[in-house]
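A.B. asks:
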Amino acid sequence: MVGGVWKKPRENSIEALLYGIEHADGVEMDLRLTADGEVVIHHDPRTSGGLYPESSDYSEIAQHSDRFEDLLSKEDFTSRWVDEGRFVCLELKAPHPSSGAGGGWFRGAAMRRHMSELMQKVREMIEYESVPVSSTVFYSFDPCITKVAESHSGDYRHARLMPKLRQWGGWKVQRAAAFPSFISTSVPRMLSRQRKLGAPMLPLALEYLEGWTRHIPIGSSVGLKGRG
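Okay, structure coming up:
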């Protein structure tokens, strides 16, 4: 509150997540791994200062990103998550290829190691807080999430976000690159895939549910409104 007027906090900030978990049934956050092994809450591949979190120490990006560890130290957050049944979606972000992290443009085993370290660190933190398995899910647009989760998610479940979004390019470029996957992945097909993964949820982009875009994927379409 500023002068009695509510001011929207920075996206993915501790302030924003505290507000969200107080006023909603749950929240979603984006997690990245810095060069010095800190788990930070940050959506974009680069900070507003132009640094890649994955190739920077936390001290270099602290003014742009909060640590996941610091969020968990807030009782107002963890008590609602652990004791009051709020649900938290943990999106694990793969690094931008130009950061050099995760194998850069070559990916492969280096990307799996990077994502494995990120998931393992997050899992250990939420296990320490006794977060119920029913109150959280790991997910990611990166296809390696399935292999990584098999080894490092513990008892926590995961889901694969589809269609796949690349780590590079602006929003329009990412959407264009994802279009073939969007066309070939109908909601029923996506539901079948998530069931095979044992996912506790079906994450869907709004384009699958509203407007003319929901008729683009090959197969049955769904919507938020019935015919009647």
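Take this note's numbering: the final residue in the sequence shown is number 260, and no numbers are missing along the way. Beta carbons: idealized from backbone N, C-alpha and C, even for Gly. Please read all numbers here as calculations on a predicted model, not as lab measurements.
(1) Spell out the partners DSSP gives CYS121 in its beta bridges.
(2) In terms of alpha-carbon separation, which member of ASP68, GLU86, GLN95 lies closest to ASN44?
(3) Across which residues does DSSP place ARG192 in a beta bridge pair?
(4) Can you tell me the Cα-Cα spacing of ARG227 and LYS179, whole angstroms?
(5) Under the rule that 16 or more other beta-carbon atoms within 10 Å means buried, what is MET61, buried or exposed?
(6) Could you tell me whether the stretch 126 to 141 touches the stretch 152 to 170, using the rule of 3 or more Cβ pairs below 8 angstroms?
(7) Would you mind stating whether ARG4 and PRO175 have Cβ atoms separated by less than 8 angstroms?
(8) Using CA coordinates, which residue listed in ALA141, SER111, VAL59 is at the minimum distance from GLU123?
(9) Out of curiosity, what's the CA-to-CA distance linking ASP115 and ASP102?
(10) From which residue to which residue does the alpha helix (DSSP H) around VAL72 run?
(11) Leaving out the 5 sequence neighbours to the left and right, which residues in its chain are closer than 8 angstroms to SER218 when beta-carbon positions are compared?
(12) Tell me the DSSP secondary structure of GLU65 in three-state form.
(13) Please name the residue, chosen from HIS55, GLY69, PHE100, that lies closest to HIS75 on a Cα-to-Cα basis.
(14) So, helix, strand or coil for GLY52, using DSSP?
C.D. replies: Reading it off the structure:
(1) GLU60, VAL169
(2) When only C-alpha atoms are compared, the closest one is GLN95.
(3) SER172
(4) Cα to Cα, the separation comes out at about 16 angstroms.
(5) buried
(6) no
(7) Because the chain spans 33 through 260 in this model, residue 4 falls outside it and cannot be assessed.
(8) VAL59
(9) 19 angstroms
(10) Note, VAL72: premise wrong, no alpha helix (DSSP H); beta strand (DSSP E) at 71 to 73.
(11) PRO249, ILE250, GLY251, SER252, SER253
(12) What sits at residue 65 in the sequence shown is Leu, not Glu. In this structure, LEU65 counts as strand in the three-state DSSP scheme.
(13) Ranking HIS55, GLY69, PHE100 by Cα distance to HIS75 puts PHE100 first.
(14) GLY52 falls in the helix class under three-state DSSP.
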